[in-house]
Amino acid sequence: MTNKSVWSDSRFWQRSASWVTGFAAILLIWLTFDTSAQISMGTDSDLQNGVTKRVPGPTVINYKITYEMSTKRGHEVPVIGEKEKFFGRDDYSEEEAGELLHLGKLGSQAKNCMDCHTLLGNGGYYAPDLTKAWLDPAWGPEGSLQAMTGKNTKEEAMAEFLQHPSQYPTHARMMPNLGITAKEAKGLVAFLKHLSSIDTNGFPRNFGKIQGAIHGK
Amino acid sequence: MFEPMVDVVPSFFAWLNQGPLTLTIFLHTVIILPMIWIYKQEKKRLENEK
Chain A
56 MTNKSVWSDS RFWQRSASWV TGFAAILLIW LTFDTSAQIS MGTDSDLQNG VTKRVPGPTV
116 INYKITYEMS TKRGHEVPVI GEKEKFFGRD DYSEEEAGEL LHLGKLGSQA KNCMDCHTLL
176 GNGGYYAPDL TKAWLDPAWG PEGSLQAMTG KNTKEEAMAE FLQHPSQYPT HARMMPNLGI
236 TAKEAKGLVA FLKHLSSIDT NGFPRNFGKI QGAIHGK
Chain B
211 MFEPMVDVVP SFFAWLNQGP LTLTIFLHTV IILPMIWIYK QEKKRLENEK
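The listed protein sequences correspond, in order, to chains A and B.
Residues 56 to 272 in the working numbering are what the first sequence spells out, letter by letter.
Residues 211 to 260 in the working numbering are what the second sequence spells out, letter by letter.
As structure tokens, then:
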């Protein structure tokens, strides 16, 4: 009788394939639950008690958000600071803030922002990345974009721009007028503010307009 | 070769993504080592059949 090799024996391959498939299936199910726990939105009490969540609750719009270099992690992380007025208020309830974010999210989908812009890694590269747009100093107190709109606060400047984008020369590829209403603009700005508070592990890496960021020194 | 764990939420999957070798070592452990074990079992079985 000839000596049969294990390599040409189908049982060896069957058992190996079953092991790898079975193990990978378990791993992927575990990964699904591990991820959902990490990306679930925080609550208002998390924010009040200083519990760090990767995705903070909607009431994060009541707080000041900064982007600070973490030497431990090697990139910038959003830091939620003290209370900050958002359209004149810093006492949005969880429901109000949630509704505002919902309106902004639906608005961003209805106006198809991702056709040109990138949000959390999804979308186009035709126009600037909006993931950390709220943290862009150009919209801040001494920023050129805020000055351009003639408004006194970041959120009002952004809302004004969103309603009349074609009036303001911001970019070589100017944003078209999308017929965004004042209410929608408020929702969109809230949505952008919340977006910027999400810990994205330093993404986008080349977001260098911020003081202290890797390329913004 | 091995990077410190710096993820926001330390978890098994965060550890798996820290450096190039963590994933490689992990996959070799869970795929190659059991395959060696299966190989030995099958070899023994074939020898016994003879």
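We treat Cβ as the ideally placed atom computed from N, Cα and C, and that holds for glycine.
Keep in mind that this is a model prediction, so the values were computed, not measured.
Within the stretch 148-183 of chain A, the complete alpha helix (DSSP H) segments at least 4 residues long are 149-165, listed from N- to C-terminus. Below the 7 Å Cβ cutoff, chain B contributes no neighbours of residue 251 of chain A, its closest Cβ being approximately 16 Å away.
Flagged as an interface residue toward chain A: residue 241 of chain B, by a C-beta distance shorter than 8 Å.
For a Cβ distance threshold of 7 Å, residue set 218 of chain B lies close to residue 254 of chain A, ordered along the chain.
Take residue 171 of chain A, set aside five residues on each side of it, and the residues of its chain with a beta-carbon closer than 7 Å to its own are 179, 181, 182, in chain order. Within the stretch 229-259 of chain B, the residues whose Cβ lies closer than 7 Å to any Cβ of chain A are, in chain order, 240, 241, 244, 245, 248, 249, 252, 253, 256. Fully enclosed beta strand (DSSP E) runs of no fewer than 3 residues occupy 118-125 of the stretch 86-131 of chain A, in order along the chain. Residue environment for residue 232 of chain A: exposed (fewer than 16 other C-beta atoms within 10 angstroms of its C-beta). For residue 74 of chain A, the nearest beta carbon of chain B is closer than 8 Å to its own beta carbon. Among the residues of chain B, none has a CB under 7 Å from the CB of residue 115 of chain A; the nearest is roughly 15 Å distant.
Contact between the stretch 160-174 of chain A and the stretch 118-125 of chain A is absent, with fewer than three C-beta pairs closer than 8 Å.
For residue 228 of chain B, there is no enclosing alpha helix (DSSP H), since its DSSP letter is neither H nor E. Take residue 247 of chain A, set aside five residues on each side of it, and the residues of its chain with a beta-carbon closer than 8 Å to its own are 159, 185, 188, 189, 213, in chain order.
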